[in-house]
Each structure stands twice: as C-alpha cells, then as structure tokens.
C-alpha cells in the first residue's frame, strides 16, 4: 500500500510539471499571437496611409468616408 501512495505522488508530481510546462508554452504562444496581430495592424495602417497619399482626397474627406458620412 505504501508503494502505491509513493507511485501516485510521483505521478501527480509529473502531471504538475507537465501542466506548468504547458502553461508556460501557452503564454509564449499567446505573446506570439499578440505580436502577429500587431504586425497585421501595422501593415493595414501602412496600406491605408499609402492609399491616402496616392489619393486626391483631403484628410477630412477620408475620415468622413471611414465614418460613413461621405458623399464621395
């Protein structure tokens, strides 16, 4: 019976270690996901800026358009 308890304690300890390791990995993956979202956002801003610079519209016209108020 004593051996069974020791075996269970060992297995529990291993599971705790696995869970901790997986939690750390999850946090790393979340951070990577967040960084990718920010990169995607920067690329979108860059595209919008380039399109604005090529257009003949004023800033106010573009903002009105984005707000749905424009008569473009």
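Residue numbers (our numbering): 29 to 100. C-beta: ideal position from N, C-alpha, C; glycine also.
Between residue 61 and residue 32, the alpha-carbon positions lie close to 43 Å from each other. Just so you know, the alpha carbons of residue 66 and residue 94 end up roughly 21 Å apart. Setting aside the 5 residues that flank it on each side, residue 53 has no residue in the same chain whose C-beta is closer than 7 Å to its C-beta.
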